[in-house]
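S.K.: In my numbering, the protein residues as written are 266 to 405.
All C-beta atoms, glycine included, are put in the ideal place defined by N, C-alpha and C.
Since this is a predicted model, take the numbers as computed values, not measurements.
Take this structure, written in structure tokens, and hold onto it; I'll ask about it next.
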Amino acid sequence: MSLTLAILKPDAVGSSKAGKILAHLEGAGFRVRALKLLSLSKEQAGAFYAVHRERGFYAELVEFMTSGPVIPMVLEADDAVAKLRGAIGATDPAEAAPGTVRKLFAESKGRNAIHASDSDENAKGEIAFFFSEYDRIAVR
Ligand code: IDP
Ligand code: MG
266 MSLTLAILKP DAVGSSKAGK ILAHLEGAGF RVRALKLLSL SKEQAGAFYA
316 VHRERGFYAE LVEFMTSGPV IPMVLEADDA VAKLRGAIGA TDPAEAAPGT
366 VRKLFAESKG RNAIHASDSD ENAKGEIAFF FSEYDRIAVR
């Protein structure tokens with residue numbers, strides 16, 4: 266078993282789809298090991314997505330991720346990073362496979378409902394970004 270980080274984004278939380286997405290992920294075999302709801306500051310969102318700093322969509326992404334509350338969560342499964350990337354589908358919901366979270370619940374390439382870590386190394390850093398050792402009693 267391994268861990269990954271998902272974030273239910275402001276479009277999903279704001280349109281009351283968080284429960285449906287969580288049920289979908291649990292149905293796909295993920296176990297929730299830590300979860301909370303919070304609002305990101307511009308600084309936090311900018312730091313989280315710092316890898317995209319030079320991209321044309323960076324300002325729009327930071328604006329969007331600070332437009333309402335988000336729900337970061339630690340998910341556990343066999344090969345959790347790859348399994349979650351498969352379950353969420355392509356970045357643009359128009360290109361996402363049928364049955365994926367983004368195909369089912371996302372609006373657009375920017376407002377695409379969910380984030381998922383893209384490597385074990387990034388998952389480790391992204392989990393630590395949101396969850397302290399105290400929060401992470403369940404995931405030790
Ligand atoms: P990913 O979330 O599928 O890993 P990335 O390429 O890492 O996709 O991009 C991070 C996030 O930035 C996307 O989930 C999406 O919210 C936003 N984003 C990516 N490309 C675009 C774009 O072309 N326009 C607007 N937003 C974008
Ligand atoms: Mg990415």
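Based on Cα-Cα distance, which residue from Phe-295, Lys-282, Ser-332 lies nearest to Ser-304?
M.R.: The candidate whose alpha carbon is nearest that of Ser-304 is Ser-332.
S.K.: What residue from Tyr-399, Ala-362, Gly-284, His-289 has the CA that sits closest to Ile-336's CA?
M.R.: Gly-284
S.K.: Following a CB-centred definition, is Asp-383 positioned closer than 7 Å to any heavy atom of the ligand MG?
M.R.: yes
S.K.: Rounded to a whole number of angstroms, what is the C-alpha to C-alpha distance between Lys-282 and Lys-274?
M.R.: 10 Å
S.K.: In whole angstroms, what is the alpha-carbon distance linking Phe-255 and Ser-280?
M.R.: As shown, the chain starts at 266 and ends at 405. That puts residue 255 outside it, with no answer to give.
S.K.: Counting only runs that start and end within the segment 295-326, where is the alpha helix (DSSP H) found for 4 or more residues in a row?
M.R.: 307-313
S.K.: Kindly indicate which residue of Ala-312, Val-316, Glu-291 has the alpha-carbon position closest to the one of Ile-353.
M.R.: Glu-291
S.K.: Over what stretch of residues does the alpha helix (DSSP H) that includes Ala-393 continue unbroken?
M.R.: 385-395
S.K.: Starting from Ala-417, trace the alpha helix (DSSP H) in both directions and tell me its first and last residue.
M.R.: A query on residue 417 cannot be resolved here, the shown segment of the chain reaching from 266 to 405 and no further.
S.K.: Considering only residues of the same chain and omitting the five flanking positions on each side of Ala-388, which have a CB-CB separation below 7 Å?
M.R.: Leu-268, Thr-269, Leu-270, Val-346, Ser-382
S.K.: According to DSSP, is Pro-334 helix, strand or coil?
M.R.: coil
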